[in-house]
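Asks: A single structure is presented below for examination.
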Amino acid sequence: PESADLRTLAKHLYESYVKYFPLTKAKARAILSGKTGDSAPFVIHDMKSLTEGEQFINCKQMPLPDQRPEMGLGFGMGQESADEVELRFFHRCQFRSAEGVREVTEFAKSIPGFVGLDLNDQVTLLKYGVIEVLIIMMAPLMNKDGTLISYGQIFMTREFLKSLRKPFCEMMEPKFEFSVKFNMLELDDCDMALFLAVIILSGDRPGLLNVKPIEDLQETVLHALELQLKMNHPDSLQLFAKVLQKMTDLRQLVTDHVHLIQLLKKTEIDLCLHPLLQEIMKDLY
Amino acid sequence: LKEKHKILHRLLQNSTSPVDL
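These protein sequence lines are chains A and B, in that order.
Numbered by my numbering, the letters in the first sequence go through residues 1 to 285 in order.
Numbered by my numbering, the letters in the second sequence go through residues 1001 to 1021 in order.
See below:
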């Protein structure tokens, strides 16, 4: 009976994951391997294709041609400097990240017992967990050559991201290094859903008021994850331990990411951070 | 803590549409 409960929990978290995260690993891997039947993603590999990629997305979202010049979203790129294009791309990434925070919050709320926790502790768990979750969610979108962005409509090459000016060029490379290794574990979407819930329910986040109920919830999800991995990957030895070890790498990645954003705030005069991301990163590490 | 995290708090209390963000 206990195993049946754990399987029910795994199914519930998988269903929430599919409901709140629009691009699943299954879909992303299908796009990356060209098995979708739809057209291949638009490839961004240099500044010219970046501006064309913006145009590609804008045309899909705003098909009325007479609206385009007023939007100021990448037309007449001739006079625009690379710095401006990079900064605009960074702002778009921020908006997508803020939307990602909303998706992760909805997923967290669907974890049984989460909304019953002290509200301050819910805020703390999300503040410290959300960037870790977003980095894990990036892994299925990546391969060694680049990453899907814009809900899988665009593929941006790793070399192009490395060619951006400092410190933009340093932002994604550590995530690629992590993702290539993480993807070797070959987790599927159900494994991922349980792992994300384990990350969110970390009882050692600074400032938690009532740790015990969080640890109790995490323990149940950990049991569900262990059972899921044993059933789904019977030949993968020590997979449960290997997955949990990734949590240490994740904390370092988030610390480095936040330091880079703080550096950006000092060096880029025109940079405005999204208020939600500001809230999360303030006094984080 | 929730006072310093008004948007997160709002997201936890109600779902917010992408446009609001």
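Even glycine gets a Cβ: it sits at the ideal position worked out from N, Cα and C.
Predicted model, so just to flag it, every value in this text is computed and none were measured.
Taking CB distances under 8 Å as the criterion, tell me whether Leu13 of chain A reaches chain B.
Replies: Judged by the 8 Å Cβ criterion, Leu13 of chain A is not in contact with chain B.
Asks: Measure from the C-beta of Asn58 of chain A to each C-beta in chain B and report whether the shortest distance is under 8 Å.
Replies: No, its Cβ sits nowhere closer than 8 Å to a Cβ of chain B.
Asks: Can you tell me where the beta strand (DSSP E) holding Gly146 of chain A begins and where it ends?
Replies: Gly146 to Ile149
Asks: Anyone know if the C-beta pair for Thr124 of chain A and Gly207 of chain A falls short of 8 Å?
Replies: yes
Asks: Taking Cβ positions only, does Thr24 of chain A come closer than 8 Å to chain B?
Replies: no
Asks: Mind checking the region 261 to 278 of chain A against chain B and listing, in chain order, the residues whose C-beta falls within less than 7 Å of any C-beta there?
Replies: Cβ contacts with chain B: Pro275 and Leu276.
Asks: Report the option in A:Ile200, A:Cys169 and A:Ser33 whose CA atom is closest to the CA atom of Pro112 of chain A.
Replies: A:Ile200
Asks: Which residues in chain B have a C-beta closer than 9 Å to the C-beta of Glu106 of chain A? List them in chain order.
Replies: Under the 9 Å cutoff, chain B gives Leu1011 and Ser1015.
Asks: Excluding the 5 residues flanking Ala98 of chain A on each side, which residues of the same chain have their C-beta closer than 8 Å to its C-beta?
Replies: His274, Leu276 and Leu277
Asks: Using 8 Å as the cut-off, can you tell me whether the region 79 to 95 of chain A makes contact with the region 42 to 54 of chain A, which would need three or more C-beta pairs spanning the two stretches below that distance?
Replies: yes
Asks: Decide if Pro22 of chain A is buried, meaning its Cβ has at least 16 other Cβ atoms within 10 Å, or exposed.
Replies: exposed
Asks: What distance in whole Å lies between the Cβ atoms of Leu225 of chain A and Val198 of chain A, which are believed to be in contact at a cut-off of 8 Å?
Replies: Your pair Val198 of chain A and Leu225 of chain A checks out as a contact, with CB atoms roughly 6 Å apart and the cut at 8 Å.
Asks: Given this structure, state the Cα-to-Cα distance separating Tyr17 of chain A from Leu237 of chain A, to the nearest angstrom.
Replies: Spanning the two alpha carbons is a distance of roughly 26 Å.
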